[in-house]
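Listed in order, the protein sequences are those of chains A and B.
Each residue of the first sequence is one higher than the one before, starting from 1 at the first, in the working numbering.
Each residue of the second sequence is one higher than the one before, starting from 361 at the first, in the working numbering.
Note that beta-carbon positions come from the ideal geometry of N, C-alpha and C, so glycine has one too.
Keep in mind the model is a prediction, meaning the values are calculated, not measured.
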Amino acid sequence: MTDFPIQDVFAPLGWIFVVLLAANVVLYAFLIGLHEKWWVYRHRREHIRERLAPIVERLVSGADAEQASDELRPVVASLSRAERPVGAWLLKDMTRDADEQTLHRVSQILDESGATELAERSTRRRTAWRRALACEILGAIGAERSVPVLVERLDDGRGEVRMAAARALGTMGSPLAAPALTSAFLERSKVPTGVAYDALRGLGRHGAAAFHEGLRSRDPTVRVASCFGIAALTGSNDGDVLTGVLEDDNNIRVRAAAVKALGVIGGTTPPRVLLDAVDDPEIRVRREAVAALGVFDDPGAVDTLAVTADDPDREIALRSAESLIALRDRPRAGATAAAALTSSTAWSVDYARTISELTA
Amino acid sequence: MTGPLQIAAIVIFVYFAVYNLLILALLAMSYGEMSWLVRGRQPGRSGLRPLAQRPGVSLVVPAYNEEELVVTTASALLDQEYAPLEVVIVDDGSTDATFERLNRAFDLVPLPIGGALELESTRIRGFYASRVAPALRVLQKENGGRADALNAALSFARHELVAVTDADCILERDALTRLLRPFEEHPDDCIASGGNVRVVNASQIVDGRVVEPRVSWRGVDATQVIEYLRGFLGTRIAWSRMNGLVIVSGGFGLFRRDTLITVGGFRKETLGEDMEVTLRLHHELRPGWPEARIAFVPDAVCWTQAPDNLRGLRTQRIRWQIGLLQTLRLHGGMFGRSRYGAAGLLAVPFVGLFEAIAAIFEVVGYVVIFTLVVVDPSSWPYLIAFFGIAVLFGQVQSFIALLIEEVGFRRYGRAGMTRLLGWSLLEIFWYRPLLALWRTWATLSYVFGRRSVWGHIPRRALDEAPAESVAPLTR
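Encoded structure:
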């Protein structure tokens, strides 16, 4: 054993040492280089900001908007190719809280300066994050002619680029994007459900059809999102669609989502199925149902809620009491709810009343 | 005599070579992801949805004898930019004036404790709302430990999502908003997300906010900064990408409340309840819910006070090591099994084969090398080569972690970076041997002295697919 050839086994140690040493030197140089690069970037950004800020200030204030637009145009046009994406972001950032008209003006100026073409070309670059960034810039500029370019990126090989494209389409809100986003929402393979959902909501009423179609999907996740989408986009006219879901869909999550969505829509008289949902065998549906009843201005729901305020499930009891408190201030159900609250001995009513007083 | 020692030296060398190469692979993957996250996604992040269409968050903070900090912490947490938000401070049987300070500062009003609680905990003494801060709740209970306090808070929390943090942690104002991002993207499949915990020691704090991150001159503080950077930014980003994250830090994590309750809440028997609950979520839910995901969000930042002396560090690391072993014991069944996804196939084997026992290998390695040198003085070059390679390997890892930091955050100036690099160069000579010794001690004392606390996982029969056992998230 004393002749074990440790020298042979450890012979490569020297090489490993040299390789690691070289790696350290390279990484150190890279780290320093990166630090300096950010310094240059920051410097460039501040320089552009200084040039844009006084004009944008006047543009946003609205006092001198026309002239400010005219002055902004040549400044943006004079930005170099490398500076233009930074300029586009700064402009969008500085006008984030501006009114619609100002936003439109800024988009127009960016478009005229060639930022759209530059970003469109960048959506085909080899570096994936540059493609994503280009998509986001296109979304911020909002030129409708970029929709096909962004739709094409929904089939990009990288998930992050697809997400950026979907978000950009949602930000633009163009109806032209509806078919592609609908397909992405229904398929679920291109972008996460939440991203497709937000993008479709960005389309306003043009996105609503996707959610109606989504209710017929075999995928419960799509049906759940569709319930919320219908409530967010189409409002009271579509309560019937959701009651239909509650009657026909056996999936617990979808039914709970339908009940919750009915609560978002609200109204004066709760649908029969919503009242029945209070006795649903599934606790998640019952919890959503008692919360939803607090949104409908209906004295008929008060008796039910007064009973469920004593439910052994803590969450059902509390949500029922909160619904009663909410109904107390409504024109039709107010008096009945106030009487129920006065006569109730449920702990949950005491709890909800205290919270209501503290937040008043 | 030297033959077996030489074989042992080779085995240990190969073990550490494999371990370090795997860490390098994780670091490289994290670097790729980080550059993505920051360059490609930061500017165009979608804005928040309208208030009524966002899930509510209950931010839970266990506090035990935190009279000095508790009011500042509560005020800072109430100032989070996210809404709807509820902050639940749990006074876990403090013997100091924690509750009195809260009462004085926030004018507390008792609320009824009410019906049956969903999770067991020690006796609840009172539950309070505040006249001053309507979003604040204070839960007063008998002492039962962190996990017990969290379970009590879970029963009282009212929102769909529950964020967990500590009383000595400082959350950045937008931290919750950022931590919610995976839930917005995957509202039906995301079950938890973990934030990035950073070391606050020596940083400038004003009104409960970190205004200037700094790196201390002191080795204990600075070395922990680089260690946290390697641990959080260096590897968790990669594990998150693979959906194999095995720990959502107790310092800052976000969970679906109903999912946590479904799996039984936090376990009081383990010292590492954060890792245990994360692994349990994988263990119990992934087989029936393969899409379930646990994400790490590097830009959701929580600053924590790390131990600033060796005694505190020793206590912390012994606790972590025992917690790790307890958790592995409970969830060892996941080892190498594809039904738990990357968590079972890759992460648990990595933790079990390397992170849990590397300290023992390290200590044995020191003993073997030094004995070899004593027995056979011609082995000196190997000792030097071992240390040289260990230093350079460690330094490569630190460089990559700092690169990730530089690409993503750039929180530390040139002076801070230089200090971090300097201390990372020295850590092999004092920090790592100390850690290895403490962790080996913890392992041995656990194996030989505390075997009785090893238990089994109480399994609940889910009568439906786990995905169906949760309520749909508001959107």
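Identify the residues that DSSP records as bridge partners of G554/B: which are they?
-> Answer by DSSP bridge pairing, in chain order: G613/B, F656/B.
Cutoff 8 Å: L743/B Cβ touching any chain A Cβ = no
Coil, strand or helix - V661/B by DSSP | strand
Touching or not, the segment 681–693 of chain B and the segment 633–644 of chain B, by the rule of three or more beta carbon pairs under 8 Å?
-> yes
Closest Cβ-Cβ distance between Q413/B and chain A: below 8 Å?
-> yes
Of all the options R253/A, A333/A, D279/A, F296/A, which has the alpha carbon lying nearest to the alpha carbon of I265/A?
-> F296/A
Report yes if the C-beta distance between A512/B and S481/B is below 8 Å; otherwise report no.
-> Their beta carbons are under 8 Å apart, which means A512/B touches S481/B by this criterion.
In terms of residue numbering, what span does the alpha helix (DSSP H) encompassing Y197/A cover?
-> Start and end: 193–202.
Cβ neighbours of R679/B in the same chain (closer than 7 Å, five flanking residues each side left out) | L631
Establish whether the CB of T221/A and some CB of chain B are separated by less than 8 Å.
-> yes
What does F296/A pair with, by DSSP beta-bridge criteria?
-> Answer by DSSP bridge pairing, in chain order: G267/A.
In three-state DSSP terms, what is Q366/B?
-> helix
When the Cα atoms are used, what is the spatial distance from V813/B to G625/B?
-> Below a pLDDT of 50, predicted positions are generally treated as unreliable, and V813/B, at 46, falls in that range; no measurement from the model is reported.
Got a sec: is the Cβ-Cβ distance from L752/B to anything in chain A below 8 Å?
-> yes
For I372/B, name the three-state secondary structure that DSSP assigns.
-> helix
Residues sharing a beta bridge with C529/B, DSSP | For C529/B, the beta-bridge partners assigned by DSSP are T664/B.
Counting along the chain, where does the beta strand (DSSP E) carrying G486/B start and finish?
-> 484–490
Cβ separation of H212/A and I230/A, assumed to be a contact under 8 Å, to the nearest whole Å | 7 Å
Would you call W577/B buried or exposed, if buried means 16 or more other Cβ atoms sit within 10 Å of its Cβ?
-> exposed
Note down, in chain order, all residues in the segment 14–41 of chain A with a beta-carbon under 7 Å from any beta-carbon belonging to chain B.
-> Result list: I16, F17, L20, L21, A23, N24, L27, Y28, F30, L31, L34, H35, W38.
Alpha-carbon to alpha-carbon, R774/B and R574/B = 11 Å
Contact set for A321/A: own chain, Cβ-Cβ below 7 Å, skip 5 residues either direction = A309, A346, S348, V349, Y351, A352
Note down, one range per segment and in chain order, each alpha helix (DSSP H) of at least 4 residues found wholly within the segment 100–172 of chain A.
-> 100–112, 115–122, 128–141, 147–153, 159–172
Return the Cβ separation of L684/B and M635/B in integer angstroms, given the expectation that the two are a contact with Cβ distance under 8 Å.
-> 7 Å
Quick one: grab the DSSP three-state call for A702/B.
-> helix
Euclidean distance between Cα positions of P494/B and T359/A | 6 Å
How many whole angstroms separate the CB atoms of L138/A and A168/A, which I take to be in contact at a CB cut-off of 8 Å?
-> 5 Å
Residues in the segment 239–254 of chain A having any Cβ partner in chain B nearer than 9 Å | N251, I252, R253, V254
Short CB-CB distance (under 8 Å) between K190/A and chain B | no
Name, please, each residue of chain B whose Cβ falls closer than 9 Å to the Cβ of T193/A.
-> Simply E545, H546, P547, D548, D549.
Ignoring anything shorter than 4 residues or poking outside the segment 17–90 of chain A, list the alpha helix (DSSP H) runs there in chain order.
-> Runs found: 65–77.
So, does the CB of E766/B fall closer than 8 Å to a CB anywhere in chain A?
-> It does; some Cβ of chain A falls within 8 Å.
For R497/B, does the three-state DSSP call read helix, strand or coil?
-> strand
Using a Cβ-Cβ distance under 8 Å, would T182/A count as near chain B?
-> no
Would you identify the three-state DSSP class for R689/B, choosing helix, strand or coil?
-> helix
Consider the Cβ of A831/B: report whether some Cβ of chain A lies at a distance smaller than 8 Å.
-> yes
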